[in-house]
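Written below as structure tokens is the structure these notes are about.
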Amino acid sequence: MSKLLSIILVSTLFVHCSVNDDMDDMKETTNKMEKTTKKVSSSTEQLKNRTEDLYKGAREVISILNQNINFDDVIEIENSNISDKLLTASIFFASMEFQHWQGDYEDSLEVRQELMRKAIQYFFWKIDGLIDDSMPVDTPKYTKVIPWLGENYKNWLNLSVFAVAMSKIHEQQIQVAFKKSVPVYSIYSIIKEALDSKEKLLKGEVLPAYIEEVLKNEQVAIYLLQLRHNFYPLILASKISDIEDGFWNSLMKTYFRWEVNPGQFNKAQYAHFEELLERGFETRNFLKEQKVEVAYNSVVKDIFKNLMWVVHDLNPYQSIITKMGMRPHFDEVEKFQVQYDYKIEVKTEPEKLIVLLNEYTGSTLFVFYPEGAKKAEAEEEARIERVKQERKRKKSLHNQQRLREWLSKWPEENY
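Residues 0 to 414 in numbering that gives the first Met the number 0 are what the sequence shown spells out, letter by letter.
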């Protein structure tokens, strides 16, 4: 019995030692796995950082490359339509790196603000060579760029194009901003925020670096806003006429009377026209809020004072005609305006546009042209008469054809 117990004890001892050895092996293996996991985690973090750095580097390079290309296109392309310049300038602003901020990993809000600061710094640096020391808002002409025009006009036009296009926001920024619950920014909104924050900076408040970057160039920022609010009515002129098709067209629209039929545009077009003026109003009102003396481009008045609205049908415009009158001469209309409040109730899209632009320009630049209206009415009556005659002719031909068909059914001997 004692021999059996001894055997059992010895066996148990061997088993215990074997289990201890296995446990030690498992512990060593676990430690090795932990070290390996840490190495893998470290490698993964390094890979993530390198990938992120690579993405940010590529994003920055692509952004700068696209901006340079599109900026040069706006400046250098000759004999191009102004609408093409606006499109290219919009692409320039949409290419800015802050517009493509993702908000993932290390792409923090601080990173976004730094991208905005760099964008402002880069934009002001790029346009510096276009700005004359006098910062002129006025220009004696408005046309697309042609080779023999002076550098001053080209610089004014290109700066005006950038001033309008700087409100461009890339669709990707809108989507990311919605997901991350952050504001949407454009160069235009950054400039406005900075000018609004000037008093805070003077009081010693700490503001984002992009605000300070704008305020370093405060006069340039204000100059861009002056160009912006003056350029919108010129864009409108290019939408309702052929003014940008060449220098001769521009000359005729600036110094001689020209006509527009308000009935030739549809409701969507009028909505776009009104939007152009409302954007200009928004910029102008902001300047007034900043207590900045608003500058006006005289070519705007020169162009629109010669515009005659040729009314083809008086009925849709009766309310505005009652208020403004059928005045054939510009000076008479100016006198007429002093006596009346132009914030009248309007019903048609043309009326809305006319009243809005009257308010925008600060004086009545639109008159109804009675001679043109009478001519248009006569032309319309002649057209209706031609339509009636054509209908009579077709009806006569139709009756003759029916008569021939009816006669063909009878034998010749019956008649």
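Glycine included, every Cβ here is placed at the ideal spot set by N, Cα and C.
Query	Result
Phe255 burial status per 10 Å Cβ neighbour count (16 or more: buried)	exposed
Helix, strand or coil at Ser362 according to DSSP, with G and I counted as helix	At Ser362 the pLDDT is 46, less than 50, meaning the model places this residue with poor confidence; the figure from the coordinates comes in the next sentence. Three-state DSSP puts Ser362 in coil, outside helix and strand.
Closest by C-alpha distance to Lys153, when choosing among Glu170, Leu129, Ile210, Gly245	Leu129
Simplified DSSP assignment, three categories, for Lys258	For the sequence presented, residue 258 should be read as Glu rather than Lys. Looking at Glu258 - three-state DSSP - the assignment turns out to be strand.
DSSP three-state assignment for Met307, whether helix, strand or coil	strand
Any alpha helix (DSSP H) of 4 or more consecutive residues that is wholly inside the segment 186-263	186-195, 197-201, 208-215, 217-239, 246-254
Whole-angstrom distance between Glu380 and Asn398, CA atom to CA atom	27 angstroms
Coil, strand or helix - Gln101 by DSSP	coil
Sufficient close CB pairs (3 or more, under 8 angstroms) joining the segment 177-194 to the segment 244-262	no
For Gly102, the nearest candidate out of Val136, Thr138, Ala176 (CA to CA)	Ala176
Distance, Thr87 Cα to Asp340 Cα	Any reading at Asp340 is ruled out, since the residue's pLDDT is 39, under 50, leaving its predicted position unreliable.
Alpha carbon of Ile76 to alpha carbon of Lys215, nearest angstrom	31 angstroms
Whole-angstrom distance between Ser82 and Phe70, CA atom to CA atom	15 angstroms
Alpha-carbon spacing of Leu406 relative to Ile383, whole angstroms	35 angstroms
Buried or exposed (CB count within 10 angstroms, at least 16 for buried), Arg116	buried
Span separating the alpha-carbon of Leu156 from that of Asp106	37 angstroms
Contact under 7 angstroms by Cβ, Ser249 with Tyr141	yes
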